[in-house]
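What the sequence shown shows, in the numbering used here, is residues 499 to 788, in sequence order.
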Amino acid sequence: MTEAGKILIPVNLEEENKVALEQTYNVAKLFGLNITLLFVLEETGMWSKFFSDKQKKEMDQEIKNQMKNLSAKTQKDSGRETGYIIRKGRVSTMIVEIAEEIDAKYIFMKTKSSKEGKSISANAYRVIRKANCPVVSINGTDYHDGCRSILLPLDLTNETMQKTNKAIEFAKYFNASINVVSVVHKSADADYSANMSMRLYQVQKFIIDSGISCKSKLIENKKRQDIVSAILNYAENQGDIDLVIIMNQQEVGITGLKIGVTAEKFIKNCEFPLMTIKPFDVGGASMRSF
């Protein structure tokens with residue numbers, strides 16, 4: 499029998515982990531995935547300086563006990579087999595390494611803490627940049643139980659196909675709709691606007707032909723907002739968006755910004771669960787094949 503795939507969830511044993519954990523339950527159930535919790539103890543010189551060997555051993559045992567209890571509770575609440583791993587090292591490095599080690603299908607992680615306020619941890623940025631599997635970042639605190647609609651921001655790059663297929667996969671499992679959207683500034687030339695309108699039409703038709711309800715919207719950015727703000731404002735007004743999907747590498751937009759900048763804005767400001775996907779070599783495939 500084939501072993502079930504895994505979702506990796508880094509935890510810090512604080513109450514705010516509850517949000518990231520609960521967001522995985524439906525995904526784990528619908529996709530038949532098991533859950534692996536990861537706690538990384540980042541040792542520093544201060545750690546060695548202020549704690550005796552006995553104290554460190556006691557703390558290690560306490561962490562193990564808490565992880566064991568959290569694992570048992572997660573398994574009970576999710577209905578999926580749940581295990582845990584404790585490692586020492588650099589947090590982001592360990593998350594990426596363990597994801598590779600267990601062949602994780604997804605990483606779900608809380609990217610903001612109550613202590614950091616609106617700041618995103620450097621660890622979250624490193625994981626999203628380096629992980630080979632999709633990373634779902636959880637910034638908010640209150641979510642719908644399930645997934646009603648997926649927001650798919652589009653540009654004019656070939657990788658659009660990759661995230662479109664991922665959106666279709668999730669939509670089928672959750673019986674969700676897909677909302678494809680792009681932004682043009684009021685000053686955009688006619689050719690760019692026409693190309694983007696055609697891309698939206700192609701993607702929408704492809705999604706509908708795949709059996710998924712889909713609508714599209716080309717936002718005319720009259721207020722000269724940045725693209726991310728315009729898209730997130732649109733998402734807020736929809737009232738049923740439960741997942742946003744983006745790529746974590748370069749995507750060409752009217753501003754000419756690299757996705758590193760654009761993705762960072764999404765990660766920092768998106769209060770919806772945000773799936774970030776690393777592009778793979780699509781061998782020259784393009785949306786013309788739609």
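Glycine is no exception: its CB is placed at the ideal position from the N, C-alpha and C atoms.
Closest by C-alpha distance to residue i, when choosing among the options
i	options	result
I584	R578, E595, K574	E595
F537	Q564, I626, D687, E520	Q564
V625	A518, K664, N746, S727	N746
V742	V759, A570, S691, N677	N677
S714	N731, V726, S695, A728	S695
I744	D687, E734, L730	L730
K516	S576, S675, M557, S550	S576
A686	R722, S675, A674, C712	R722
R578	S619, Y690, L519	L519
K586	A602, S647, D558, F704	D558
Y623	I600, I593, F549, Q736	I593
V726	K703, F704, N693, T760	T760
D580	K552, Y523, D601, F548	One detail in the question is off: residue 580 reads as Thr in this sequence, not Asp. Comparing Cα-Cα distances from T580 to each of K552, Y523, D601, F548, the minimum goes to Y523.
K776	F704, A692, S550, R627	R627
A602	A688, Y690, G530	G530
N621	M773, D643, R588	R588
Integer Cβ distance of residue i from residue j, believed to fall under 8 angstroms
i	j	result
C645	Y604	The Cβ separation is near 14 angstroms, so there is no contact.
K720	K684	5 angstroms
Q521	P771	6 angstroms
T609	S590	Not quite, the Cβ-Cβ distance comes to about 12 angstroms (not below 8 angstroms), so this is no contact.
A597	A629	6 angstroms
G638	E769	4 angstroms
S619	Q736	Rounded, the Cβ-Cβ distance is 28 angstroms, inconsistent with contact.
Residue j beta carbon less than 8 angstroms from that of residue i
i	j	result
L649	K661	no
D724	S680	no
D738	Y641	no
I717	A728	yes
I561	L539	yes
M659	V633	no
K571	Y582	no
L568	V525	no
Beta bridge counterpart(s) of residue i as assigned by DSSP
i	result
M773	V634, I743
L649	N677, V742
T534	L506, G581
S714	V678
Y604	I505
K586	L539
N719	H683
Can we say the segment 663-677 touches the segment 701-718, given the rule of at least three CB pairs closer than 8 angstroms? yes
The segment 680-700 in contact with the segment 763-770 per 3-pair CB rule at 8 angstroms: no
Under 8 angstroms: do the segment 524-540 and the segment 505-516 share three or more Cβ pairs, one atom per stretch? yes
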